[in-house]
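Enquirer:
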Amino acid sequence: MSTVAVLEGGRSLERRVSLASGARVEDALERLGHRVVAIDVGADFVQRVLDAAPDAAFVALHGRDGEDGTVQELLEVLGVPYTGSRVAACTRCWDKVLAKHLLRAEGIPTPDFHAFNETAFRELGAAQALPAIEEQLEFPLVVKPAAQGSALGVKFARTAADVPAALVSAFSYDRKVLLERYVPGRDLAVSIVERDGEPEPLPIVEAVPTSQDFYDFEARYEIGRTRFVCPAELPEAVAERAHAIALAAYRTLGCSGFARVDLMLQEDGERLFVLEANTVPGLTDTSLLPQAAEAAGISFDALVERLLADALVRAAAA
Amino acid sequence: MTGREPPRSTARDLERYAGLFAARTKVMKSSAMRDLMALTDRDEVISLAGGLPDTSTFPPDTYAALMTSIAQESCAKALQYGPTEGFAVATSCIAEVMAAEGMTVDEDELLVTTGGQQVIDLVCKTLLDPGDVVIAEAPTYPGAVPTLCSYEAEVVQIPLDADGMRIDELEEALDRLEREGRRPKFIYTIPTFQNPGGVTMSLPRRQRLVRIAHERELLVLEDNPYGLLRYEGDPLPPLYALDGGEFVIYLGTFSKILSPGIRLGWAAAPRPVLGKMNLGKQAADLCSSSMTQLFVAAYFERGDWRGYVNSLLELYRRRRDAMLDALAEHFPREAAWTRPAGGLFIWATLPDYIDTTDLLARALREDVAFVPGRAAYLDGRGGSSMRLNFSGVDEQQIREGVRRIGAVVAEQVGLYGTLTGAAPAPASAGSAADGAGAAERLADVLQLPRRGARADRRADAER
């Protein structure tokens, strides 16, 4: 039996989801016989970790602080082992631009893009480069904040006239945004969980929008407007390639413990592109990674236990 | 996590239980906005998002005395079921409140409900089949949106201007529907200090609306939670008073004049309609709380309800003025907003390139919140507007909250200017010589009233 601090809630836009993930992890840990201390991550975070003196921390904190490496950095300092990726991998994955550069350098396909800080537009006249960017990436293109977990702030620009407002929206979430080539096709998610230090891809989940408006990102994530299929109905060869690409991305970005890699399968049914990797994927009863785990015969409790064991083993090895 | 997550969803549960859910649940929405709104209740956030009356002003001594009297005099009754239509001691209080707004009502034309919200639900339940047309205002009360959706109404939203619902557009819409062989089941309106618009329907429009209802034999649901919260000007007759109780269903509530926590509202309606609503209420909850009905009765008997409302008027008027002043000082000249003569809300509209849902995410980083305009539409419009509440927090917080929102709006206006090569706008509306002109142009486009005379005066004074 261990004392485990479950980090959840926090101040990010994904607070609500994180509380749901955290609650579910707490239940599982209790069923597994551990002592659980739930920590809603806020101003007293360090003090609460010190008070709890846990054997390990389970990071169920999505978005800012939980996925950008902040709490991981603090846990390193405090000497508390924790689940999931280390600081460096969190930093790489949280910044979609950095992640895409690393993937591209390794030859892992990711949609073409250009990224800018707000200062490029405010101080360097980057707006004048927009026509050239638009010509390269073609319309419609996707505009999104470099660091933001949910669909919030992700916009389609159908024409040049849409781009400035889409940029303003994306800059609402982050100082850095990217303009990305739109890949029409199927939305796939490959969840990866390590077994004895070896990353293992789980069955693929496909998000199928039931709404016909493919340009409405939010619609894709609303109840009743998206259907999730697991395992995704794919030719075996395609599924294998998706697994291989997701694993390559996982390794390139240096993830550990678990992660979810999001891909697009282009309309031709051939080409696959990595959009991003998530170091603290959702763990609610409707989230994709637990669904994929269940499809692979790994119960939620077993998943939680495996992630915790991985954290303790890594800490012992360090 | 990423966008791929079904974060706010029970998508998998939907799969699992899909065969069990009623068809109408498919149109019940859960959205990203809910995730954002979940962040607005942190202690450090100045929330201009709610619609909360300031219940901290109600004297605890009065509350204690009233509850004691209920315990001593009618304990068993308070703890027992009551009649579906409500206790007579409660309906007589309701008649008194309605009389204060110039309405006479027979007490047997009243139905006590669990908040005003239940009236909306019961009217939908009584009148709507799936696909039926309902007319509402654009924007409309955000809390009515889920109700209308859950009854699968097809909602046609009619724009507002400074004088309330555009009756000419209403008539056009009714004619168009008639050509399609469709007839709306009811017209939903908040004529006085509209939520979220803050505007009030003029007397001629009220008269026209009632005339239209009579000529076309259409029901009107008049939602009037704020009528007694008038901070200036003369009261206008409610539609119910103009109509004589023939085609208007009236919705009243104690929420804004006493307490939303007691969950008591009411409907006054033509008897055949009321009879059906009564059956609907039996099915829903049998009766509203006996305890709080007795609380209201005791309060009206012993307390000074008008005095309390008057004290709220003083408080809210100051808060409204603080918000209007702060808007003039801190919002850019491209913004326009309403100047309500009462109620709890101001509706502000920003340039169309600003999405207020995204802006809220940015504003939350500065610990301030509002309701994004999209919540007040069923068709995705309202993306550049916001609802601001001035009753729930004190003046100092209102000023600071508006200052913070103004700062993030100015940031986005400046950025857009940079992106499009437009000249950056001066920061402050109040000091911009042509600020009123810009607001007026925008107002024309959006059918919003032009910026309040007060802001114009300020601009003049500073010129």
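Those protein sequence lines, which keep their order, are chains A and B.
So the first sequence is numbered by this note's numbering: it starts at 1 and just counts up by one.
So the second sequence is numbered by this note's numbering: it starts at 319 and just counts up by one.
Just so you know, even glycine gets a beta-carbon here, dropped at the ideal spot from N, CA and C.
(1) State yes or no: is the beta carbon of Y549/B nearer than 8 Å to at least one beta carbon in chain A?
(2) For L29/A, I'd like the list of residues in its chain whose CB is within less than 8 Å of its CB, leaving aside the five on either flank, ordered along the chain.
(3) Grouping DSSP H, G and I as helix and E and B as strand, with all else coil, what is N628/B?
(4) Looking at the unbroken alpha helix (DSSP H) that takes in T119/A, where does it start and where does it end?
(5) Give the single residue among T571/B, G700/B, L546/B whose Cα lies nearest to the Cα of Y634/B.
(6) Report yes or no: do three or more beta-carbon pairs, one from the region 513-524 of chain B and one from the region 650-658 of chain B, lie closer than 8 Å?
(7) Which two residues bound the contiguous beta strand (DSSP E) that contains M704/B?
(8) Near V41/A, which residues of its chain fall below 8 Å by C-beta distance, leaving aside the five closest residues on each side in sequence?
(9) What beta strand (DSSP E) runs, 3 residues minimum, are completely inside the region 565-604 of chain B?
(10) List in chain order: all unbroken beta strand (DSSP E) runs of 3+ residues lying wholly within the region 114-190 of chain A.
(11) So what does DSSP say about L32/A, is it helix, strand or coil?
(12) Three Cβ pairs or more, each shorter than 8 Å: is that satisfied between the region 635-646 of chain B and the region 706-714 of chain B?
(13) I'd like the list of long-range same chain contacts for A681/B, defined as Cβ closer than 8 Å, with 5 residues on each side in sequence excluded.
(14) Nearest to F228/A by CA position, among A160/A, V77/A, V205/A, I245/A, is which residue?
(15) When DSSP labels each residue in this structure, what does M483/B get in the three-state scheme?
(16) Using Cβ-Cβ distances below 7 Å, what residues of the region 143-168 of chain A are close to chain B?
(17) Can you tell me the Cα-Cα spacing of V763/B and D603/B, whole angstroms?
(18) Give me, in chain order, the residues of the same chain whose beta-carbon lies closer than 8 Å to that of P199/A; leave out the 5 immediate sequence neighbours on both sides.
(19) Assuming A666/B and S703/B are in contact, meaning their beta carbons sit under 8 Å apart, how far apart are those beta carbons, in whole angstroms?
(20) Would the beta-carbon of V451/B fall within 8 Å of that of L384/B?
(21) Please say whether A127/A and D95/A have beta carbons closer to each other than 8 Å?
(22) Would you decide whether P235/A is buried or exposed? Buried here means 16 or more other CB atoms lie within 10 Å of its CB.
(23) Of all Cβ atoms in chain B, is any one closer than 8 Å to the Cβ of A127/A?
(24) Answer yes or no: does any C-beta atom of chain A fall closer than 8 Å to that of L338/B?
(25) Should A382/B go down as buried or exposed, given a rule of 16 or more other Cβ atoms within 10 Å for buried?
(26) Using a cut-off of 7 Å between C-beta atoms, extract the partners of I277/B located in chain A.
(27) Could you check where the alpha helix (DSSP H) with P281/A kicks off and where it finishes?
(28) How do the region 270-280 of chain A and the region 106-114 of chain A stand: do at least 3 beta-carbon pairs fall below 8 Å, yes or no?
(29) Nearest to T83/A by CA position, among A316/A, A318/A, A311/A, is which residue?
(30) Report yes if the CB atom of V430/B is closer than 8 Å to the CB atom of G461/B, and no otherwise.
(31) What does the alpha-carbon distance come out to for the pair R186/A and V49/A?
(32) With DSSP run on the structure shown, which of helix, strand or coil describes I438/B?
(33) Does the Cβ of G125/A have 16 or more other Cβ atoms within 10 Å, making it buried, or fewer, making it exposed?
(34) Would you call M1/A buried or exposed, if buried means 16 or more other Cβ atoms sit within 10 Å of its Cβ?
(35) Is D353/B close to chain A? Criterion is C-beta to C-beta, closer than 8 Å.
(36) Excluding five sequence neighbours on each side, which residues of the same chain lie with their C-beta closer than 7 Å to the C-beta of R717/B?
Expert: Once the coordinates are examined:
(1) Against the second sequence, residue 549/B aligns to sequence position 231. No, because no Cβ of chain A sits closer than 8 Å to the Cβ of Y549/B.
(2) To locate residue 29/A, count along the first sequence from 1; it is residue 29. Only V4, V6, V36, F58, V304, L308 meet the Cβ criterion.
(3) One-based indexing of the second sequence puts residue 628/B at position 310. Residue state, collapsed to three classes: helix.
(4) As a working mapping, residue 119/A is identified with position 119 in the first sequence. Its alpha helix (DSSP H) spans residues 118-124.
(5) In the second sequence, residue 634/B corresponds to position 316, counting from 1. Of the candidates T571/B, G700/B, L546/B, the one whose C-alpha sits nearest the C-alpha of Y634/B is L546/B.
(6) yes
(7) Numbered from 1 along the second sequence, position 386 holds the residue referred to as residue 704/B. First-last of the beta strand (DSSP E) with M704/B: 703-707.
(8) Position 41 of the first sequence holds residue 41/A. Excluding sequence neighbours, V41/A sits near L7, E8, G9, G10, R11, L61, D65, G66, V71.
(9) 566-571, 583-586
(10) 141-145, 155-157, 176-181
(11) On the first sequence, residue 32/A is found 32 positions in, with the first residue counted as 1. If DSSP states are grouped into helix, strand and coil, L32/A belongs with coil.
(12) yes
(13) As a position in the second sequence, residue 681/B is number 363, starting the count at 1. Around A681/B: A687, F688, R722, I723, V726.
(14) To locate residue 228/A, count along the first sequence from 1; it is residue 228. Measuring from the Cα of F228/A, the nearest candidate turns out to be V205/A.
(15) Counted from its first residue, the second sequence places residue 483/B at position 165. Note: M483/B maps to strand in three-state DSSP.
(16) G149, S150, A151, L152, G153, V154, P164, A165, L167, V168
(17) Here residue 763/B corresponds to residue number 445 of the second sequence, with the count starting at 1. Here residue 603/B corresponds to residue number 285 of the second sequence, with the count starting at 1. For V763/B, the predicted structure reports a pLDDT of 36, less than 50, and the residue's modelled location is therefore unreliable. A value from the coordinates is still provided. Their Cα atoms are separated by approximately 45 Å.
(18) Translated into positions along the first sequence, residue 199/A becomes position 199. Excluding positions up to five away in sequence, the list reads I192, V193, L247, Y250, R251, C255.
(19) Within the second sequence, the letter at position 348 stands for residue 666/B. Within the second sequence, the letter at position 385 stands for residue 703/B. Between S703/B and A666/B the Cβ distance is about 7 Å, and since that is below 8 Å, they are a contact.
(20) Along the second sequence, read from residue 1 onward, the residue named residue 451/B stands at position 133. Along the second sequence, read from residue 1 onward, the residue named residue 384/B stands at position 66. No, Cβ-Cβ distance for V451/B and L384/B is not below 8 Å.
(21) Position 95 of the first sequence holds residue 95/A. Position 127 of the first sequence holds residue 127/A. Not in contact: D95/A and A127/A (Cβ atoms no closer than 8 Å).
(22) Position 235 of the first sequence, counted from the start, is the residue given in the question as residue 235/A. Exposed: under 16 other Cβ atoms inside 10 Å.
(23) Position 127 of the first sequence, counted from the start, is the residue given in the question as residue 127/A. At least one chain B Cβ lies under 8 Å of A127/A.
(24) For the purposes of this step, residue 338/B is taken as the residue at position 20 of the second sequence. No, L338/B lies away from the interface with chain A (no Cβ there is under 8 Å from its Cβ).
(25) Within the second sequence, numbered from 1, the residue matching residue 382/B stands at position 64. A382/B is exposed by the Cβ-count criterion.
(26) This structure does not reach residue 277/B, given that chain B is present from 319 up to 781, and the question cannot be answered.
(27) Residue mapping note: residue 281/A aligns to position 281 of the first sequence, counting from 1. It is not in any alpha helix (DSSP H) - P281/A carries neither H nor E in the DSSP assignment.
(28) yes
(29) As a first step, residue 83/A must be located in the first sequence, where it is residue number 83. Nearest C-alpha to T83/A: A311/A.
(30) The residue labelled residue 430/B in the question sits at position 112 within the second sequence. The residue labelled residue 461/B in the question sits at position 143 within the second sequence. Cβ atoms of V430/B and G461/B: not closer than 8 Å.
(31) As a first step, residue 186/A is located in the first sequence; it is residue number 186 there, counting from the start. As a first step, residue 49/A is located in the first sequence; it is residue number 49 there, counting from the start. Each residue's alpha carbon lies about 42 Å from the other.
(32) Counted from its first residue, the second sequence places residue 438/B at position 120. The answer is helix: DSSP assigns I438/B an H, G or I state.
(33) Within the first sequence, the letter at position 125 stands for residue 125/A. G125/A should be labelled exposed.
(34) Position 1 of the first sequence, counting from 1, holds the residue named residue 1/A. Exposed, because fewer than 16 other Cβ atoms sit within 10 Å of the Cβ of M1/A.
(35) Within the second sequence, numbered from 1, the residue matching residue 353/B stands at position 35. Chain A contact via Cβ: present.
(36) Working through the second sequence from its first residue, we reach residue 717/B at position 399. Around R717/B: A640, A644.
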